[in-house]
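Note that the sequence shown covers residues -23 to -1, 1 to 459 in mature numbering (1 follows the signal peptide of the UniProt record, and there is no 0).
C-beta: ideal position from N, C-alpha, C; glycine also.
Nothing here was measured: the structure is a model prediction, and the numbers come from that model.
Before any comments, here is the structure.
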Amino acid sequence: MGFDRAFVLVALIFAGSVLVAEAAIGVNWGTLSTHRLSPSIVVDLLKENRIGKVKLFDTDPAVLRALMGSGIEVMVGIPNEMLGFLSSSPAAADSWVSQNVSRYVVKGGANIRYLYIAVGNEPFLTSYQGQFQSFVLPAMLNLQQSLVKANLASYTKLVVPCNADAYEAPLPSQGAFRPELTQIMTQLVSFLNSNGSPFIVNIYPFLSLYQSADFPQDYAFFEGSSHPVVDGGNMYYNAFDGNFDTLVASLNRLGYGQMPIVIGEVGWPTDGAFSANLSAARAFNQGLINHVLSNKGTPLRPGVPPADVYLFSLLDEGQKSTLPGNFERHWGVFSFDGQAKYPLNIGNGLLKNARDVRYLPSRWCVANPFSDITDVSNHMKLACGAADCTTLYYGGFCNAIGDKGNISFAFNSYYQVQKQDENSCDFDGLGMVTFLDPSIGECRFLVGINDSSSSISCRFFCCWWILIFWVFIYQRMCFVVI
């Protein structure tokens, strides 16, 4: 049976309706960190801040185990690189569902409240040049059949997070999907609609500002713009609404103008570019949250906000690729150790910091003031190749701390990534360990996280049970003697 015929059989097309409900604020939880918090601490952080929805980019078993029983609704992700395999093999889809969904669902309830399965992440990006495009729908069909066989189809929905470059128009009301995507989007949206799934889109006004010197800065935020976009009788005072309604118009062209829309990623970085800083991030994210929770909607959807909004992101990720820009490692509303970067109210009060974070000892690696640092370039490359030095570069938060400050920051970043191994601060005699915090102004020299707490706990309990065992044996021996 050809794919088109199979698709027609599976996609029972009917008119959709807007999901009318108050928007909920969730977060993206990425794990590409150089200093990774224990998943249990992160889940406690989510619960402490009453964040009830989380979006993941994979199915890390440690993360999923930590989420078990939390009551948090989860969107798990399937990497783009897996789409080809899942599209070609129903058995592979069965195995994936069994390993990553079924095993966390128990009879009479769910250990994890799966909300969505994200099939790929922005697979239609223009930069991919169609690399994943042909795999998306076949993979979804296989996965849907696997969910049906596992009696999970009513419990979790398949979605495809799309980038905002999937559609285009000079004005929001003229929105249309890219011509080369029209056919696949028609089929995709029909599939989503027939299975009760929303359309998920990632919107980044920051990138519009970062990539274009002509983009009006105030249009990226929510305080009103002196350069509003006039679209017939509608006025757009911020880029978020304009982008959102461009998608609404694009869906309407396909006959699905009322389809629920979820914002899969939206946020503002705090470092790595001139427009990326704490004050801008706070202004954007708080403005976004207030705007969404007001339920005002947009000109094309008045009174109907996005079904859900997932902030990007929960934590900084020091191992992310910097190909798009150095800001990629600084999207978190919390720093790597779960400390709120700035006051932010997501509707449940101001953010609260992570608790019970175990740090390495308070010591740092800095440039030895008595050494000749003229030939330090290779050591800097080594340090910054393994650790995150993006804040030192042009536009970064620590860009102005001087040459010795740069060297010390790089050395220390490497030293902390290496868990303060004594040999990792040598650098051929150019580095030295200090117990005095070398932070310069607001440029923080970090101390790494001690991630051995679980093993310490295990050793403690093992010793405890051994002690109980020997006490038991001793008592038995005494009883026999008596």
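Residue i, buried or exposed, once every other Cβ within 10 Å from all chains shown has been counted against 16
i, result
"V343", "buried"
"E99", "buried"
"L118", "buried"
"P283", "buried"
"Y93", "buried"
"R80", "exposed"
"A116", "buried"
"F347", "exposed"
"K32", "buried"
"D191", "exposed"
"G201", "exposed"
"P175", "buried"
"P182", "buried"
"I433", "Unreliable positioning characterises I433 in this predicted model, as indicated by a pLDDT of 35, which lies under 50. The coordinate reading is nonetheless provided below. By the neighbour-count rule (16 or more Cβ atoms within 10 Å), I433 is not buried but exposed."
"I459", "Bear in mind that a pLDDT of 41 at I459, under 50, signals an unreliable position, so the number given afterwards is only what the model happens to contain. I459 should be labelled exposed."
"G210", "exposed"
"residue 475", "Residue 475 lies beyond the residue range present for the chain, which begins at -23 and ends at 459; the question has no answer from this structure."
"S189", "exposed"
Beta-bridge pairing of residue i - partner residues as DSSP gives them
i, result
"K30", "E50"
"F311", "L292, A317"
"C375", "None; C375 has no bridge partner."
"E145", "A153"
"Y213", "V206"
"L327", "N322"
"Y287", "G3"
"G249", "Answer is none; G249 lacks a bridge partner."
"G408", "A344"
"R278", "T275"
"E242", "N179"
"residue 506", "The structure shown has nothing for residue 506, since the chain only spans -23 to 459."
Residues near residue i by beta carbon distance below 8 angstroms, same chain, minus five either side
i, result
"C435", "For C435, the pLDDT reaches just 35, beneath the cut-off of 50, and the residue's location in the model is therefore unreliable, leaving the point undetermined."
"G107", "E157"
"P67", "N119, Q122, S123"
"residue 460", "Nothing about residue 460 can be read from this structure; the chain reaches only from -23 to 459."
"S416", "F422"
Sequence-distant residues of its chain with Cβ nearer than 6 angstroms to residue i (five each side left out)
i, result
"A130", "L124"
"L148", "D208"
"L102", "N140"
"L14", "G315"
"W308", "G244, P246, F289, S290"
"A363", "Y391, V394"
Own chain partners of residue i with C-beta closer than 7 angstroms, once the 5 adjacent residues on each side are dropped
i, result
"D365", "T11, G295, R306, S390"
"R230", "A153"
"N220", "A141, I180"
"S47", "V20, K24"
"V353", "I384, L407"
Heavy atom of the ligand MG within 6 angstroms of residue i beta-carbon
i, result
"E399", "The ligand MG is not among the ligands present in this structure, which contains no ligands whatsoever."
(request) Pair every Cβ in the stretch 298 to 306 with every Cβ in the stretch 221 to 240, then say whether three or more of these pairs are closer than 8 angstroms. (result) Not touching, per the Cβ criterion.
(message) Pairs of beta-carbons, one from the stretch 143 to 160 and one from the stretch 187 to 198, closer than 8 angstroms: are there three or more?
(response) no
(request) Could you say if the stretch 335 to 351 and the stretch 378 to 398 meet the contact criterion of at least three C-beta pairs nearer than 8 angstroms? (result) Counting Cβ pairs under 8 angstroms, three or more are found: they touch.
(message) I want to know whether the stretch 158 to 174 touches the stretch 208 to 226 - three or more CB-CB distances under 8 angstroms.
(response) no
(message) List, from N- to C-terminal side, the beta strand (DSSP E) runs of 3 residues or more that fit wholly inside the stretch 327 to 401.
(response) Correct list: 341 to 344.
(message) Tell me whether the stretch 258 to 268 and the stretch 352 to 359 touch, counting them as touching only if at least three CB pairs, one residue from each stretch, are closer than 8 angstroms.
(response) no
(message) Across the stretch 370 to 385 and the stretch 312 to 332, are there enough close Cβ pairs to call them in contact, namely three or more that are closer than 8 angstroms?
(response) no
(message) Quick check on the DSSP output: what are the complete beta strand (DSSP E) runs of length 3 or more inside the stretch 64 to 128, in order along the chain?
(response) 90 to 96, all fully within the stretch 64 to 128.
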